[in-house]
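Heads up, the thing below is written out as structure tokens.
There are 2 protein chains.
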Amino acid sequence: MTVVAPVRTGNARLFDELRARFGERFSTAAAVREHHGKDASYHELVPPDAVLYARTTAEVAEAVRLCAAAKVPVIAFGSGTGLEGNVAATYGGLCIDLSQMNRILRVSVDDLDCTVEAGVTRKQLNQHLRDTGLFFPIDPGADASLGGMAATRASGTNAVRYGTMRENVLSLTAVLADGRVIRTAHRARKSAAGYDLTRLFVGSEGTLGVITEVSLRLYPIPEAIRAAVCAFPTIEAAVATVVATIQAGVPVARIELIDRVSMDAVNRYSKLGYAVAPTLFFEFHGSAAGVAEQVETVGPLAAENGGGEFRWAESTEARNKLWQARHDVYFAALALRPGATVWWTDVCVPISRLPQCIAETTADIAQSGLLAPIVGHVGDGNFHVGFVLDPGQPDEFTAAKAVNARMVARALALDGTCTGEHGIGQGKMDFLIAEHGEAVSVMRAVKRALDPDNIMNPGKILRMN
Amino acid sequence: MTVVAPVRTGNARLFDELRARFGERFSTAAAVREHHGKDASYHELVPPDAVLYARTTAEVAEAVRLCAAAKVPVIAFGSGTGLEGNVAATYGGLCIDLSQMNRILRVSVDDLDCTVEAGVTRKQLNQHLRDTGLFFPIDPGADASLGGMAATRASGTNAVRYGTMRENVLSLTAVLADGRVIRTAHRARKSAAGYDLTRLFVGSEGTLGVITEVSLRLYPIPEAIRAAVCAFPTIEAAVATVVATIQAGVPVARIELIDRVSMDAVNRYSKLGYAVAPTLFFEFHGSAAGVAEQVETVGPLAAENGGGEFRWAESTEARNKLWQARHDVYFAALALRPGATVWWTDVCVPISRLPQCIAETTADIAQSGLLAPIVGHVGDGNFHVGFVLDPGQPDEFTAAKAVNARMVARALALDGTCTGEHGIGQGKMDFLIAEHGEAVSVMRAVKRALDPDNIMNPGKILRMN
Chain A
445 MTVVAPVRTG NARLFDELRA RFGERFSTAA AVREHHGKDA SYHELVPPDA VLYARTTAEV
505 AEAVRLCAAA KVPVIAFGSG TGLEGNVAAT YGGLCIDLSQ MNRILRVSVD DLDCTVEAGV
565 TRKQLNQHLR DTGLFFPIDP GADASLGGMA ATRASGTNAV RYGTMRENVL SLTAVLADGR
625 VIRTAHRARK SAAGYDLTRL FVGSEGTLGV ITEVSLRLYP IPEAIRAAVC AFPTIEAAVA
685 TVVATIQAGV PVARIELIDR VSMDAVNRYS KLGYAVAPTL FFEFHGSAAG VAEQVETVGP
745 LAAENGGGEF RWAESTEARN KLWQARHDVY FAALALRPGA TVWWTDVCVP ISRLPQCIAE
805 TTADIAQSGL LAPIVGHVGD GNFHVGFVLD PGQPDEFTAA KAVNARMVAR ALALDGTCTG
865 EHGIGQGKMD FLIAEHGEAV SVMRAVKRAL DPDNIMNPGK ILRMN
Chain B
445 MTVVAPVRTG NARLFDELRA RFGERFSTAA AVREHHGKDA SYHELVPPDA VLYARTTAEV
505 AEAVRLCAAA KVPVIAFGSG TGLEGNVAAT YGGLCIDLSQ MNRILRVSVD DLDCTVEAGV
565 TRKQLNQHLR DTGLFFPIDP GADASLGGMA ATRASGTNAV RYGTMRENVL SLTAVLADGR
625 VIRTAHRARK SAAGYDLTRL FVGSEGTLGV ITEVSLRLYP IPEAIRAAVC AFPTIEAAVA
685 TVVATIQAGV PVARIELIDR VSMDAVNRYS KLGYAVAPTL FFEFHGSAAG VAEQVETVGP
745 LAAENGGGEF RWAESTEARN KLWQARHDVY FAALALRPGA TVWWTDVCVP ISRLPQCIAE
805 TTADIAQSGL LAPIVGHVGD GNFHVGFVLD PGQPDEFTAA KAVNARMVAR ALALDGTCTG
865 EHGIGQGKMD FLIAEHGEAV SVMRAVKRAL DPDNIMNPGK ILRMN
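If you read the sequences in order, they're chains A and B.
The first sequence begins at 445 in our numbering and counts up one residue at a time.
The second sequence begins at 445 in our numbering and counts up one residue at a time.
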């Protein structure tokens, strides 16, 4: 673990101003700084020089104005559940923690939308919505903040049916690098009015501004929800079933791949008795008849590929337990090897290329000798590899880095992307260039135009010098 | 009609170069220039100084490089079906006509996507797809080019179910203001890799670059499609049915409002015998059982609001005739008043605000004494007013301008947008400022960063000086 660097003397006056203005909500305590210098990834802890717990957009704007005057970096912090080192304070500076901005500002049942502060988490929102008949479907697993999910263009298990944050953010409020505040759109479902600033900020990882409020689409809770687990003889057979399901146009809500290693880990960690085999977790949403129809279509597709019986999670509790187990793959992987750390990475390819991409990646992992479960939101063509590594073995990290680089190169060659949902952060900046080529210069031009002094989360997504 | 301005002498050397390079595909003929200086709107003809019929992305890049060196404006031209004067050559310059870039480059049935050159029209694409079992749903009425639809962030009748160009463009190729070529994304269904340049160019109306290729999502043709027409006693009753349908979460494919005036016009123009009353046109997509379920939900909602019998268009031919009649509202409105021109405008509001917005707009039109049918993609909260005006009566234009301004102000006050799908062009630049406020300065910063000399379709969306 990195030693916490001392507060830079050049920031002393700025920090005096922030302390005078915000009192105890401004902190330079080592423990607070350390908590904010690392996310849930393998990336190194790099603490900010100070942390501010902001409570309003106006406070964020005030803090950013002060930092801009001093040319001190600003890093927005939501729940710390990122996976590419997006919050590490590479160049020091002020971390603005948004977790106290956790008010749900407005829910419109009639318009199927809501507005929340950036620190509201997805579980908090769904808890709040429980009596309205509506829900917010985007579910990356972790109980991430909605501001962070917007900033990372997150998605997760339900994206195959409901889309990602790209499709589900109607509008957002952002504090720009000079402290100005903008709202990117009104609440209309569609608009042809000017450049799509909402989509520009979704996925910008705090490098263009701090997202402080988000307006989101909501959906009626389906009349019927059914979830099932189905084991396959090989990972290829499972993936072939996914491809056939998507190509048949079945509006499946979730279709998740868990490989053999992960199923073993999940069974142990979550005390379940599923077959230790490549497995698909399904969820179907719709009317009772609509769900029955989907099941009737997918069942034979699975059987054709050698899939076993569908094991149904009939009650809401059983369904929740099933998905909790899926989300706990992260912890289950950790538990496979005491003292280990897990380096999660993800790619996404067109669905027809998924079998090749997974097959070649599986072979590469086997060859590397690493322990690295594969799970994925395979309906989108998106899958994850979790390298379970011993922090004391640098050779393992070197091997993981090589497998990761080959997996990304493979995904790009198959017309895919270097990350489906984790973002670029500090971990994939070279891969961004490999993927986008000349277009990266356009991203840089946009960044320079909106943040000429490069104070907004510097060292993430783009190298500016 | 404006007199065609002479070719500017400052362009003579540039035009010599273009002529030498492109031969007969470069033209300064008056008739060619006039054809390219006007779209389907009320906006004045302003011809470009010259027109180039480009055939490849490389040719577009070459032409743009030459124009950039001479600081001469570049205007992309697709099908000329825009509605806000988006192609008028406000500052002269070179119009690049993309209609000869009409190759369908790739269709992947397995991935449900395709790549087309910008000049391919939506009908051409669907004709090409007819044996694949797939279709491209976005349907703005006119047989627009797909590059133009991307540039305008177009949508239309199917958007309530399938989204707009925002959701359906996977990636695009664009020529930047200095002639560099970028591809904005690979083909993965989702990506968290860097800024969303695809969405930045979708809706940019040629002001950030020339879109030359577009990759699009495709959809399986539904197993069952049923379309029906239902008349209502009042426009309020029809709109209430729409709101109830959307709030019930029915995945209706099309739900279109045609007001009394328009129904009368449509009956006459398309020789139909529908009731002359506010009417909804519905289309339901899904499995046979799914469509039946949707109909069973919507029928009672219509009946509760005093709707009449559903008149079903049972055959494909009858259905096509129904939608052709809907799309012919444009011509039907023109036919209401020989020699007239129609000024179409549109706004979009959250669905719960739609009844108020339409009711107040209807009253305002009545008060104005203008003939102005209302039709709309009401499932999105989007509707259109078509002012049927006598070109010889400037007072009518003044009155229309005032009604339009009040309608936009009303939509903005209801948290809506000044345009749901027509774009800003030259007609709504002030409304863009009213809608977005400080955020317009961010759009300007992006424009300056990508087009510092303001040569890409200047005078549209943003005033840069």
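From the three backbone atoms N, C-alpha and C, an ideal C-beta is built for every residue, glycine too.
* Asked: Taking the alpha-carbon positions, what's the leucine 778(A) to alanine 709(A) distance?
  -> Approximately 9 Å between the Cα atoms of the pair.
* **Among Arg850(A), Thr806(A), Glu506(A) and Ala889(A), the one whose alpha carbon lies nearest that of threonine 678(A)** => Among Arg850(A), Thr806(A), Glu506(A) and Ala889(A), the Cα nearest to that of threonine 678(A) is on Thr806(A).
* **Inside the region 462-549 of chain B only - beta strand (DSSP E) runs reaching at least 3 residues** => Segments of the beta strand (DSSP E) lying fully in the region 462-549 of chain B: 494-497, 518-521 and 538-541.
* **8 Å Cβ cutoff, cysteine 792(A) in contact with chain B** => At a cut-off of 8 Å between C-beta atoms, cysteine 792(A) counts as an interface residue with respect to chain B.
* Per DSSP, asparagine 826(A) is paired with what? -> Its beta-bridge partners are Cys792(A) and His821(A).
* Mapping DSSP to helix, strand and coil, what is isoleucine 582(A)? -> Taken through DSSP and simplified to helix, strand or coil, isoleucine 582(A) comes out as coil.
* To do: Assign alanine 843(A) to buried or exposed, taking buried as 16 or more other Cβ atoms, counted over all protein chains shown, within 10 Å of its Cβ.
  => Sixteen is the threshold: when 16 or more other Cβ atoms of the shown chains lie within 10 Å of the Cβ of alanine 843(A), as they do, the residue is buried.
* **Residues bridged to methionine 887(B) [DSSP beta-bridge criterion]** => Residue pairing for methionine 887(B): DSSP places it in no beta bridge.
* What is the DSSP secondary structure of histidine 630(A), reduced to helix, strand or coil? -> Under the three-state reduction of DSSP output, histidine 630(A) falls in the coil class, being neither helix nor strand.
* Asked: Tell me which same chain residues have a C-beta within less than 6 Å of the C-beta of leucine 815(A), skipping the five on either side of it?
  -> Here the set comprises Val832.
* Provide the residue(s) that pair with tyrosine 663(A) in DSSP beta bridges, ordered along the chain. => The partner list for tyrosine 663(A) (beta bridge, DSSP) reads Phe579(A).
* Span of the beta strand (DSSP E) holding leucine 724(A)? -> Judged by DSSP secondary structure, leucine 724(A) falls within the beta strand (DSSP E) whose first and last residues are 723-730.
* If we cut at 8 Å on Cβ distances, does aspartate 772(A) have a partner in chain B? -> Not an interface residue.
* Are arginine 850(B) and aspartate 897(B) close, meaning C-beta to C-beta below 8 Å? -> No, Cβ-Cβ distance for arginine 850(B) and aspartate 897(B) is not below 8 Å.
* Going by beta carbon distance, what residues of the same chain come within less than 7 Å of alanine 803(A), once the five residues before and after it are set aside? -> Contacts found: Glu680.
* Asked: Around the C-beta of glutamate 649(B), are 16 or more other C-beta atoms found within 10 angstroms, so that it is buried, or is it exposed?
  -> Flag for glutamate 649(B) reads buried.
* Under 8 Å between C-beta atoms, does proline 664(A) make it to chain B? -> At least one chain B Cβ lies under 8 Å of proline 664(A).
* Asked: For threonine 723(A), which residues in chain B fall below 8 Å Cβ to Cβ?
  -> At a beta-carbon threshold of 8 Å, none of the residues of chain B lie near threonine 723(A); the nearest stands roughly 22 Å away.
* Span separating the alpha-carbon of glutamate 758(A) from that of glutamate 700(A) -> Rounded to the nearest angstrom, the two C-alpha atoms are 18 Å apart.
* For the beta strand (DSSP E) holding cysteine 674(B), just list the boundary residues, first then last. => Where cysteine 674(B) is concerned, the enclosing beta strand (DSSP E) stretches over 668-675.
* Asked: Of all the CB atoms in chain A, is at least one closer than 8 Å to the CB of methionine 389(B)?
  -> Outside the displayed range of chain B (445 to 909) lies residue 389(B), so it cannot be described from this structure.
* **When Asp839(A), Gly526(A) and Glu561(A) are compared against histidine 487(A), the one with the closest alpha-carbon** => Closest by alpha carbon: Gly526(A).
* For the region 844-867 of chain A, which residues have a beta carbon sitting closer than 9 Å to at least one beta carbon of chain B? -> Cβ contacts with chain B come from Ala855, Leu856, Leu858, Asp859, Gly860, Thr861, Cys862, Thr863, Gly864, Glu865, His866 and Gly867.
* First and last residue of the alpha helix (DSSP H) that includes leucine 778(A)? -> First-last of the alpha helix (DSSP H) with leucine 778(A): 773-779.
* Asked: Can you list, in chain order, the stretches of the alpha helix (DSSP H) that have 4 or more residues and sit fully within the region 557-619 of chain A?
  -> Whole alpha helix (DSSP H) segments, 4+ residues: 566-572, 590-596, 603-606 and 609-612.
* Terminal residues of the alpha helix (DSSP H) in which glutamate 399(B) lies -> Because chain B here runs from 445 to 909, residue 399(B) falls outside it and cannot be looked at.
* To do: Output the distance between the C-alpha atoms of arginine 797(B) and threonine 685(B), rounded to the nearest integer angstrom.
  => So the two alpha carbons sit approximately 14 Å from each other.
* Inter-residue CB distance, leucine 724(A) and valine 658(A) (contact presumed, cutoff 8 Å) -> Their Cβ separation, rounded to whole angstroms, is 32 Å, which puts leucine 724(A) and valine 658(A) out of contact at 8 Å.
* Status (buried if at least 16 other CB within 10 Å, exposed otherwise) for methionine 707(B) -> By the beta-carbon neighbour count (other beta carbons within 10 angstroms, threshold 16), methionine 707(B) is buried.
* Are proline 517(B) and isoleucine 899(B) closer than 8 Å when you measure CB to CB? -> Cβ distance < 8 Å, so proline 517(B) and isoleucine 899(B) count as in contact.
* Asked: Given a limit of 7 Å on CB to CB distance, which residues of the region 639-655 of chain A reach chain B?
  -> If the cut-off is 7 Å between Cβ atoms, the region 639-655 of chain A has Tyr639, Asp640, Leu641, Arg643, Leu644, Val646, Gly647 and Ser648 near chain B.
* Are the beta-carbon atoms belonging to threonine 656(A) and glycine 867(A) less than 8 Å from one another? -> At a Cβ-Cβ threshold of 8 Å, threonine 656(A) and glycine 867(A) do not count as neighbours.
* To do: Output the distance between the C-alpha atoms of methionine 445(A) and aspartate 483(A), rounded to the nearest integer angstrom.
  => Caution is warranted here: a pLDDT of 40 is assigned to methionine 445(A), below 50, making its placement in the model unreliable, and no coordinate value can be reported.
* **DSSP beta-bridge partners of arginine 698(A)** => For arginine 698(A), which the question treats as bridged, DSSP gives the partners Glu727(A).
* **Test: glutamine 691(B) CB closer than 8 Å to a CB of chain A** => Cβ-Cβ to chain A under 8 Å: yes for glutamine 691(B).
* Can you grab the Cα-Cα spacing for the pair glycine 830(A) / asparagine 848(A), in whole Å? => Computed Cα separation, rounded: 10 Å.
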